[in-house]
Each structure stands twice: as C-alpha cells, then as structure tokens.
C-alpha cells in the first residue's frame, strides 16, 4: 500500500508532466508551426488537467501533515526532474554535469526541509 507521501508525490509527478508539456511542447524544432493563440489555447487546455492533479496533491499533502514549505520544495525537485527527462528525450537537449551538480544541491534542500 502506498504511503500518503507517495500519493502526493505521484500526483505531483503527473501534474508536473502535464505542466511541462503545456509550457514546452511547442519548443521542439518544427513542433508548433501555428499561430501563437492556438499554442496558448492548447497549452491552457493541458494546464487545466494539471490543476486537477496539483490542487489535490497540495490539499491532501497539507491535510496529511506535509508543511507548505515542504510541499513546495518537493514540487520543485519533481519539476526539475520531469523537465530534465522532457528536455533530453523530447526537446533533444544535452544534459551537462553542472546540471547534475545543481540537482544535487536541490536534493540537499529537500533533505534539510524535511529534517526534524
């Protein structure tokens, strides 16, 4: 059975996947040769479903004892992780060592945010 923190984390992962797609899908070379208003409409439609996941994640997380600062820091780590995979596999961006080191420092922030 999943822990409450795991449920929040899963909701955050899926919500961040949707938001990353909503914000960045059109940046792929040749990926969005359409008027900006259409890109915005498509992105907002995707973002609507993202909100249907992130609001419960934050609501239940807070209800289950995760502090707002902890929720936000968790979300930032999830956001960067999801974006890293999206950028490498969809946008075909390179991943550099300095990005990995930066992520390490952010994971340190998570450790200290949850330290009793």
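Residue numbers (the numbering used here): -7 to 108. Glycine is no exception: its CB is placed at the ideal position from the N, C-alpha and C atoms.
*asked:* I'd like the span of the alpha helix (DSSP H) that includes residue 60, first residue to last.
replied: Element bounds for residue 60: 60 to 81.
*For residue 42 versus residue 14, is the C-beta distance shorter than 8 Å?*
With contacts defined as CB atoms closer than 8 Å, residue 42 and residue 14 qualify as a contacting pair.
_The alpha helix (DSSP H) enclosing residue 21, as first and last residue numbers_ = Residue 21 -> no alpha helix (DSSP H), and no H or E assigned at all.
*Report, in whole angstroms, the separation of the C-beta atoms of residue 74 and residue 12, which I expect to be a contact under 8 Å.*
Your pair residue 74 and residue 12 checks out as a contact, with CB atoms roughly 5 Å apart and the cut at 8 Å.
*For residue 83 and residue 10, believed in contact at Cβ under 8 Å, the rounded distance*: About 16 Å separates the beta carbon of residue 10 from that of residue 83, a gap too long to meet the 8 Å contact definition.
*To the nearest whole angstrom, what separates the beta carbons of residue 68 and residue 98, a pair I think is in contact under 8 Å?*
Rounded to whole angstroms, the Cβ separation of residue 68 and residue 98 is 7 Å, and the two are in contact under 8 Å.
*Would you tell me roughly how many angstroms separate the C-alpha atoms of residue 28 and residue 6, rounded to the nearest one?*
Using only the alpha carbons, I get a separation of about 26 Å.
*List the endpoints of the continuous alpha helix (DSSP H) containing residue 37.*
Residue 37 -> alpha helix (DSSP H) spans 28 to 55.
*Helix, strand or coil: which one does DSSP assign to residue -7?*
In the structure shown, the three-state DSSP call for residue -7 is coil.
_residue 105 versus 44, 66, -6, 53, residue with shortest Cα-Cα distance_ = Comparing Cα positions, the closest option is 66.
_Is the beta carbon of residue 52 closer than 8 Å to that of residue -1?_
Taking 8 Å as the Cβ cut-off, residue -1 and residue 52 qualify as a contacting pair.
*By how many angstroms is the C-alpha of residue 107 removed from the C-alpha of residue 8?*
Cα to Cα, residue 8 sits roughly 25 Å from residue 107.
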